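Numbering (this note's numbering), first residue to last: 491 to 715. Note that the Cβ used here is the ideal one computed from N, Cα and C, for glycine as well. These figures come from a predicted structure and were not determined experimentally. Here's the structure, in structure tokens; my notes come after.
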Ligand code: MD3
Ligand code: FE
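This is the structure in structure tokens:
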């Protein structure tokens with residue numbers, strides 16, 4: 491466990507192999523529909539190199555809707571209760587369990603005094619990276635809530651770049667993310683720039699169910715209803 495910046499906690503190897511297989515299976519099912527996985531088209535005509543499918547709420551740049559107007563006009567799959575529980579467990583493990591005592595000043599400064607208890611993510615964005623896919627430095631600002639983001643990585647390793655809240659550029663910290671890693675971004679890290687400059691093909695274990703590529707699942711609270 492490593493705190494990269496205040497509220498940004500990396501927990502390597504958090505998911506068990508069974509949990510990774512279960513998530514891969516769930517993502518594979520969501521990728522087929524009701525709204526199939528696709529390359530998101532940006533408002534100015536660019537096409538993202540990652541492929542994305544959403545549950546709970548559909549993200550398109552730069553808003554959340556229930557209906558995937560930019561794909562097939564269908565409503566996205568419902569956000570499953572089991573995924574919310576995984577999110578609460580992730581927050582509790584990254585930020586400390588209820589009743590656990592912290593050294594003064596080590597608990598992140600956010601609304602989660604008993605971390606995880608009240609966290610209710612209502613959307614997950616599932617990104618699939620082939621060997622060429624990248625994600626440029628960006629902030630996630632379409633959510634109307636400052637609740638933490640929970641990120642789970644499965645498959646090939648990648649280079650993850652975690653920046654600052656002011657600019658796309660330096661200072662940033664580069665971290666390698668591997669299959670099973672958990673990353674939580676809350677408090678002052680919630681609105682930091684971040685991106686994925688590189689994936690390392692052939693570094694994943696096919697036993698996860700992913701023969702190649704990288705899967706990233708992020709849970710968020712949209713603040714919408
Ligand atoms: C920090 N995904 O979906 S995960 C994204 O690996 C996104 O697919 C990358 O950036 C991926 O928006 C990075 C880590 C991550 C995700 C969301 C964040 C870091 C974040 C939101 C706020 C701050
Ligand atoms: Fe992001």
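> The alpha helix (DSSP H) with residue 508 in it runs from where to where?
Replying inline: For the purposes of this step, residue 508 is identified with residue 18 of the chain shown, where counting begins at 1. That run of the alpha helix (DSSP H) goes 507-522.
>> Report the CB separation of residue 636 from residue 703 in whole angstroms; it is logged as a contact under 8 Å.
In response: As a first step, residue 636 is located in the chain shown; it is residue number 146 there, counting from the start. As a first step, residue 703 is located in the chain shown; it is residue number 213 there, counting from the start. The Cβ separation is near 31 Å, so there is no contact.
> Since residue 581 and residue 640 are thought to touch, with beta carbons under 8 Å apart, how far apart are those beta carbons, to the nearest angstrom?
Replying inline: Counting from one through the chain shown, the residue named residue 581 turns up at place 91. Counting from one through the chain shown, the residue named residue 640 turns up at place 150. The Cβ separation is near 7 Å, so the contact holds.
>> Between residue 530 and chain B, is any beta-carbon pair separated by less than 8 Å?
In response: Within the model displayed, chain B is absent; a lone protein chain is all it includes.
> Distance, Cα to Cα, residue 690 vs residue 570?
Replying inline: Here residue 690 refers to the residue found at position 200 when the chain shown is read from its first residue. Here residue 570 refers to the residue found at position 80 when the chain shown is read from its first residue. If I take the Cα positions, the gap works out to 31 Å.
> My guess is that residue 585 and residue 499 are in contact by the Cβ rule of under 8 Å, so how many angstroms apart are they, rounded?
Replying inline: As a first step, residue 585 must be located in the chain shown, where it is residue number 95. As a first step, residue 499 must be located in the chain shown, where it is residue number 9. Confirmed, Cβ separation roughly 7 Å.
> residue 541: which of 615, 681, 660 and 680 sits nearest, CA to CA?
Replying inline: Start at 1 with the first residue of the chain shown, and residue 541 comes out as number 51. Answer by Cα proximity: 615.
> Using 8 Å as the threshold, is the region 675-690 in touch with the region 648-664, meaning 3 or more CB pairs across them?
Replying inline: Cβ pair count under 8 Å is three or more, so yes.
>> Using 8 Å as the cut-off, can you tell me whether the region 503-520 makes contact with the region 674-685, which would need three or more C-beta pairs spanning the two stretches below that distance?
In response: Short answer: they don't touch.
> Looking at residue 646 and the ligand FE, is the gap between the Cβ and the nearest heavy atom below 7 Å?
Replying inline: Your numbering for residue 646 matches position 156 in the chain shown. Because no heavy atom of the ligand FE lies under 7 Å away, the Cβ of residue 646 does not count as near it: no.
> So is the beta-carbon of residue 630 under 7 Å away from any non-hydrogen atom of the ligand FE?
Replying inline: Here residue 630 is taken as the residue at index 140 of the chain shown, counted from 1. For the ligand FE, at least one heavy atom lies less than 7 Å from the Cβ of residue 630.
> Is it right to say residue 709 is buried, meaning 16 or more other beta carbons lie within 10 angstroms of its own, or is it exposed?
Replying inline: Position 219 of the chain shown, counting from 1, holds the residue named residue 709. So residue 709 counts as buried.
>> Does the distance between the C-beta of residue 548 and the nearest non-hydrogen atom of the ligand FE fall short of 7 Å?
In response: Locating residue 548 in the chain shown gives position 58, counting from the first residue. With a cut-off of 7 Å, the C-beta of residue 548 is classified as distant from the ligand FE, since no heavy atom of the ligand falls inside that distance.
>> With H, G and I counted as helix, E and B as strand and the rest as coil, what does DSSP make of residue 600?
In response: Residue numbering aside, residue 600 sits at position 110 when the chain shown is read from its first letter. Residue confidence is low: residue 600 scores 46 on pLDDT, short of 50, so the model does not pin down where it sits. No coordinate-derived value is stated.
> From 631, 619, 656 and 654, pick the residue whose C-alpha is nearest to that of residue 693; which is it?
Replying inline: Counted from its first residue, the chain shown places residue 693 at position 203. Closest by C-alpha distance to residue 693, out of 631, 619, 656 and 654, is 619.
> Cα-Cα, which of 575, 567, 631 and 628 is closest to residue 519?
Replying inline: The residue labelled residue 519 in the question sits at position 29 within the chain shown. When only C-alpha atoms are compared, the closest one is 567.
> For residue 533, does the count of other Cβ atoms within 10 angstroms reach 16, so buried, or fall short, so exposed?
Replying inline: Along the chain shown, one-based indexing puts residue 533 at 43. Burial call: exposed.
> Of all the options 553, 657, 609 and 560, which has the alpha carbon lying nearest to the alpha carbon of residue 577?
Replying inline: As a first step, residue 577 must be located in the chain shown, where it is residue number 87. Of the listed residues, the one whose Cα sits closest to residue 577 is 609.
> residue 544 to residue 613, Cα distance in whole Å?
Replying inline: On the chain shown, position 54 is the one that residue 544 refers to. On the chain shown, position 123 is the one that residue 613 refers to. Spanning the two alpha carbons is a distance of roughly 7 Å.
>> Classify residue 548: buried if its beta carbon has 16 or more other beta carbons within 10 angstroms, exposed otherwise.
In response: Here residue 548 refers to the residue found at position 58 when the chain shown is read from its first residue. Residue 548 should be labelled buried.
> Should residue 696 be labelled buried (16 or more other beta-carbon atoms within 10 Å of its own) or exposed?
Replying inline: Within the chain shown, the letter at position 206 stands for residue 696. It counts as exposed.
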